[in-house]
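Have a look at the structure below before the remarks.
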Amino acid sequence: MSTSSISPILSPDSETWAENIRREFPILDQQVHGKPLVFLDSAASSQRPRSVIDAVTWYEEHDHANVHRGVHTLSQRATDAFEGAREKVRGFINAESTSEIVFVSGTTEGINLVASSFGQKFIAEGDEIIISHMEHHANIVPWQMLCERNKAVLRVIPMDERGELDYQAYLDMLGPRTRIVALNHVSNALGTINPVKQYVAAAREKGIPILLDGAQAVPHMPVDVRDLDCDFFVFSGHKMYGPTGIGVLYGRKSLLEQLPPYQGGGDMILAVTFEKTLYNELPYRLEAGTPNISGAVGLGAAVDFLQRIGIDNVQRREQELLAYATTALESIPGLRMIGTASHKAGVLSFVMERAHPHDIGTILDTEGVAVRTGHHCAMPVMEYFKVPATARASLGIYNTRADIDKLVEALQRVREVLG
Amino acid sequence: MDLRDLYQDIIVDHNRSPRNFRLIDPADLQAQGYNPLCGDKLGVYLNLRDGRIEDLAFQGSGCAISVASASLMTEAVKGTSETEARKLYEQVHDMLTGAETDVDPMDLGKLAALAGVREYPSRVKCASLCWHTLIAALDKQSDAVTTE
Chain W
63 MSTSSISPIL SPDSETWAEN IRREFPILDQ QVHGKPLVFL DSAASSQRPR SVIDAVTWYE
123 EHDHANVHRG VHTLSQRATD AFEGAREKVR GFINAESTSE IVFVSGTTEG INLVASSFGQ
183 KFIAEGDEII ISHMEHHANI VPWQMLCERN KAVLRVIPMD ERGELDYQAY LDMLGPRTRI
243 VALNHVSNAL GTINPVKQYV AAAREKGIPI LLDGAQAVPH MPVDVRDLDC DFFVFSGHKM
303 YGPTGIGVLY GRKSLLEQLP PYQGGGDMIL AVTFEKTLYN ELPYRLEAGT PNISGAVGLG
363 AAVDFLQRIG IDNVQRREQE LLAYATTALE SIPGLRMIGT ASHKAGVLSF VMERAHPHDI
423 GTILDTEGVA VRTGHHCAMP VMEYFKVPAT ARASLGIYNT RADIDKLVEA LQRVREVLG
Chain C
639 MDLRDLYQDI IVDHNRSPRN FRLIDPADLQ AQGYNPLCGD KLGVYLNLRD GRIEDLAFQG
699 SGCAISVASA SLMTEAVKGT SETEARKLYE QVHDMLTGAE TDVDPMDLGK LAALAGVREY
759 PSRVKCASLC WHTLIAALDK QSDAVTTE
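From first to last, the protein sequence lines are chains W and C. Under our numbering, read the first sequence as residues 63 to 481, first letter to last. Under our numbering, read the second sequence as residues 639 to 786, first letter to last.
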């Protein structure tokens, strides 16, 4: 093994490694209700490192103009920054070409785009769309709306009490009328990492396109769309340490080429007369209007950030912390975990006896601990487990064992307060 | 901010042992309330006699604030006239939202225990859901009340 001349490299197993990363996030250095902030709500929206904030600020202060339009210097710089971010995203998920990377406002818009455009062209009366029981509302409602419009049928892959999908039921569901499958890679409410590669393979074997909702996957594990072999992959910037209002729709080029435009407007055209409009090439054909340029710049910086840390290290660290947190929470009397799949990302959903999640959330907040409470935009999941809501602690790359210890400590307060 | 301002003993007590927590069937008037943000659901049922709310009860699930508020509401409103109940609703609403008002929380009896909620904007809806549902029942609204 060669010796390194630079500072000793810390293993991601070390707490110091996480503490160093935590220092890159200015927002975490504050007190809430007089207590140091413990942020355990990254699955709802993660925080941004200094490098992302600086990249956006630099762009706003030096380079902003509209993209793809002007011949002047700023317009060229803005275009370079915007298209540079597209190339970073392409590399991040290993897509073949930047023409397969469509910038959208977030996962929700990405799914709506596919449901709208794909649906318009390929879904007819009596056709079937497959989703799963553990989807976020963003991967349910657009398909429901499409089914209503085109008189298609929504089919739902069932799950079990651990929060794992029934693969055999899925295989049985794939039929001659199935036109598309839409499945989450990682469940936001349960943390389940679905074995999506096998789901993709089964659909592809029958020539059925498959969309993966990757919002909760990209911040936690390496994603290679060519290895997954999926047709569409959608995710948001703000859950992977980037800004809000920017997200990505990856689409296999041969399929994207067949999609009719989602919205009409500027940038998506080559020539317009009142008789006819000639549409632009991919991906611009699907990006009408002035895009979220600074958001894309921030997303590009978030990709750089994750690649600098190493997404493998992120995954290794989070798995270790998840195991620590799971053991710690399970030792609390009266606490029940919701979502106990064998492969999970850093999501700990739970309920407590005689304590409503909303009360848990308020009490934890006064201890400086931020968790999400509610149905997590996954009401069918709540229905399945017969709970109105859960409390959810979710992990980010900046979380430490000390954060988990504080969560456990704050949960003791719940019992004291509610009696 | 002291948690005890929110979770006073009286709130904790009414959450653990809610009063008038039952179904009235048949009821002269009833309504359903729903808070889609946190999943709170409750039904409010009442019987009228000679212009007075002779019986008032509720059922459902919710957080400590919403359950205690509904329990306290049934105790405060039972036996009052419809006009008095509506006036009480206005007063409680002002207290919860911190609106400028002449009402001294001390005049509201046990309901004053909910005054701490005004410091927690995200929880005001929890405390007011039962009151909105009561008014919907009195107004004979058929649609479920939601806080959104």
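For glycine and all other residues, C-beta sits at the position ideal for the given N, C-alpha and C. All values reported here derive from a predicted model rather than from experimental measurement.
Subject >> tyrosine 341 of chain W: first and last residue of the uninterrupted beta strand (DSSP E) it sits in >> reply: 339-341
**OP:** State yes or no: is the beta carbon of serine 707 of chain C nearer than 8 angstroms to at least one beta carbon in chain W?
**Re:** no
Original post:
Nearest-angstrom Cα distance between valine 334 of chain W and glycine 132 of chain W?
Top reply: 18 angstroms
**OP:** With tyrosine 735 of chain C as the anchor, note down where its alpha helix (DSSP H) starts and where it stops.
**Re:** Looking at the sequence provided, one finds threonine at residue 735 of chain C rather than tyrosine. 720-735 is the extent of the alpha helix (DSSP H) around threonine 735 of chain C.
Subject >> Inter-residue Cα distance where the pair is asparagine 201 of chain W and tyrosine 758 of chain C >> reply: 32 angstroms
Subject >> Every unbroken alpha helix (DSSP H) inside the segment 105-140 of chain W [4 residues or more] >> reply: 112-120
Original post:
Do we get a CB-CB distance below 8 angstroms when we pair valine 650 of chain C with the residues of chain W?
Top reply: yes
Original post:
Mind checking if tyrosine 758 of chain C is an interface residue toward chain W, Cβ cutoff 8 angstroms exclusive?
Top reply: yes
Original post:
Across which residues does DSSP place alanine 333 of chain W in a beta bridge pair?
Top reply: W:Leu340
Original post:
Applying the criterion that 16 or more other CB atoms from any shown protein chain within 10 Å of the CB defines a buried residue, is alanine 364 of chain W buried or exposed?
Top reply: buried
**OP:** Could you pull the start and end residues of the beta strand (DSSP E) that phenylalanine 294 of chain W belongs to?
**Re:** 294-298
Original post:
Considering only the beta carbon of each residue, do alanine 453 of chain W and glycine 423 of chain W sit closer than 8 angstroms?
Top reply: yes
**OP:** Check the Cβ of cysteine 768 of chain C against every Cβ in chain W and list those closer than 7 angstroms, keeping chain order.
**Re:** Within 7 angstroms Cβ-Cβ: nothing; cysteine 768 of chain C doesn't reach chain W, min ~15 angstroms.
**OP:** Return yes when the Cβ of threonine 169 of chain W is within less than 8 angstroms of the Cβ of phenylalanine 18 of chain W, no when it is not.
**Re:** One cannot answer for residue 18 of chain W here, as it falls past the ends of chain W, which runs 63 to 481.
Subject >> Beta-carbon contacts of threonine 352 of chain W that lie in its chain and below 6 angstroms, excluding the five residues immediately before and after >> reply: Asn128
**OP:** Report the rounded CA-to-CA distance for proline 305 of chain W versus valine 682 of chain C, giving the unit in angstroms.
**Re:** 44 angstroms
Original post:
Any chance the CB of serine 159 of chain W is under 7 angstroms from a heavy atom of the ligand SAM?
Top reply: Looking for the ligand SAM in the displayed structure turns up nothing, as the structure carries no ligands at all.
Subject >> Nearest-angstrom Cα separation, counted from lysine 778 of chain C out to serine 48 of chain W >> reply: The structure shown does not extend to residue 48 of chain W, since chain W is modelled only from 63 through 481, so no value can be given for it.
Original post:
Quick one: which chain C residues come within Cβ less than 7 angstroms of threonine 402 of chain W?
Top reply: Within 7 angstroms Cβ-Cβ: nothing; threonine 402 of chain W doesn't reach chain C, min ~21 angstroms.
Original post:
By the criterion of Cβ-Cβ separation under 7 angstroms, what are the contact partners of isoleucine 425 of chain W in chain C?
Top reply: Leu641
**OP:** Would you verify that the beta carbon of tyrosine 672 of chain C is, or is not, closer than 8 angstroms to some beta carbon of chain B?
**Re:** The structure shown contains no chain B; its protein chains are W and C.
Original post:
Taking the C-alpha atoms as reference points, what is the distance between serine 69 of chain W and arginine 110 of chain W?
Top reply: With a pLDDT of only 48 at serine 69 of chain W, under the threshold of 50, the placement of this residue in the model should not be trusted, and no figure is reported.
**OP:** Taking leucine 776 of chain C and leucine 667 of chain C to be in contact with their CB atoms under 8 angstroms, please state how far apart those CB atoms are, rounded to whole angstroms.
**Re:** 6 angstroms
Subject >> Rounded distance between the beta-carbons of alanine 417 of chain W and valine 470 of chain W, thought under 8 angstroms >> reply: In fact, because the Cβ distance is near 15 angstroms, the residues do not count as touching under 8 angstroms.
Subject >> Endpoints, the alpha helix (DSSP H) within which valine 359 of chain W is located >> reply: 355-371
Subject >> Local conformation of serine 69 of chain W per DSSP, three classes >> reply: Confidence is the limiting factor: at serine 69 of chain W the pLDDT is only 48, short of 50, which leaves the residue's position unreliable and the question unanswerable from this model.
**OP:** Please report how far the alpha carbon of lysine 716 of chain C lies from the alpha carbon of proline 419 of chain W, in whole angstroms.
**Re:** 30 angstroms
Subject >> Contact under 8 angstroms by Cβ, leucine 644 of chain C with valine 755 of chain C >> reply: yes
Original post:
Relative to chain C, which residues along the segment 467-481 of chain W have a C-beta separation below 7 angstroms, given in chain order?
Top reply: Val479, Leu480, Gly481
Subject >> Where valine 285 of chain W falls: helix, strand or coil (DSSP) >> reply: coil
Original post:
How big is the Cα-Cα spacing for serine 113 of chain W and glutamate 86 of chain W?
Top reply: 8 angstroms
Original post:
Looking at chain W, which residues of the segment 709-737 of chain C have a Cβ within less than 9 angstroms of any of its Cβ atoms?
Top reply: none
**OP:** Within 10 angstroms of the Cβ of isoleucine 89 of chain W, are there 16 or more other Cβ atoms? Answer buried if so, exposed if not.
**Re:** exposed
Subject >> Which listed residue (W:Cys209, W:Asn354, W:Val262) has its alpha carbon closest to that of alanine 143 of chain W >> reply: W:Asn354
Subject >> Segments of 4+ residues assigned as alpha helix (DSSP H) that fall wholly inside the segment 643-707 of chain C >> reply: 647-654
**OP:** In the DSSP assignment, find the beta strand (DSSP E) that holds asparagine 246 of chain W and state where it starts and stops.
**Re:** 240-246
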